[in-house]
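A short write-up of the structure that comes next.
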């Protein structure tokens with residue numbers, strides 16, 4: 352059985368995506384590292400309940416842009432996956448899906464948490480707050 356895939360995407364489109372992603376990746380990495388640094392440096396920000404989900408979302412997004420995006424950029428530049436193996440492709444698909452799923456879950460949780468903190472703050476008040 353032949354396991355070669357036919358690329359239906361023109362080279363120009365792939366190159367356009369590559370240059371778009373590469374121009375966004377550097378500022379994205381530096382901004383994510385700076386924001387994480389500010390979060391971890393300030394005890395006041397780090398200790399507040401409403402910032403815990405944001406820190407987790409920033410952390411997983413930072414992992415995605417520093418580990419998964421370079422694989423995508425290499426694919427967009429060369430047109431094939433390096434190394435060329437079925438195992439690596441399966442790992443890449445699983446890794447990308449896992450990171451995106453974690454980010455989506457955290458974003459949904461963050462939305463629900465914000466709603467509860469804003470509109471139903473009486474549900475999470477401790478004895479010290481009352």
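Residue numbers (my numbering): 352 to 481. Where a beta carbon is used, it is the ideal one built from N, C-alpha and C, also for glycine.
Spatial distance of residue i from residue j (CA atoms)
i	j	result
residue 403	residue 397	7 Å
residue 426	residue 433	7 Å
residue 461	residue 405	7 Å
residue 382	residue 416	11 Å
residue 473	residue 390	26 Å
residue 361	residue 399	49 Å
residue 352	residue 420	Here residue 352 scores only 49 on pLDDT, less than 50, and its place in the model is too uncertain to base an answer on.
residue 392	residue 375	26 Å
residue 466	residue 369	38 Å
Cβ distance (whole Å) where residue i is taken to contact residue j below 8 Å
i	j	result
residue 454	residue 387	Not a contact, Cβ separation roughly 15 Å.
The alpha helix (DSSP H) enclosing residue i, as first and last residue numbers
i	result
residue 454	437-470
residue 395	394-398
residue 474	No alpha helix (DSSP H) contains residue 474, which DSSP labels as neither H nor E.
residue 429	420-429
residue 417	Where residue 417 is concerned, there is no enclosing alpha helix (DSSP H), given that its DSSP letter is neither H nor E.
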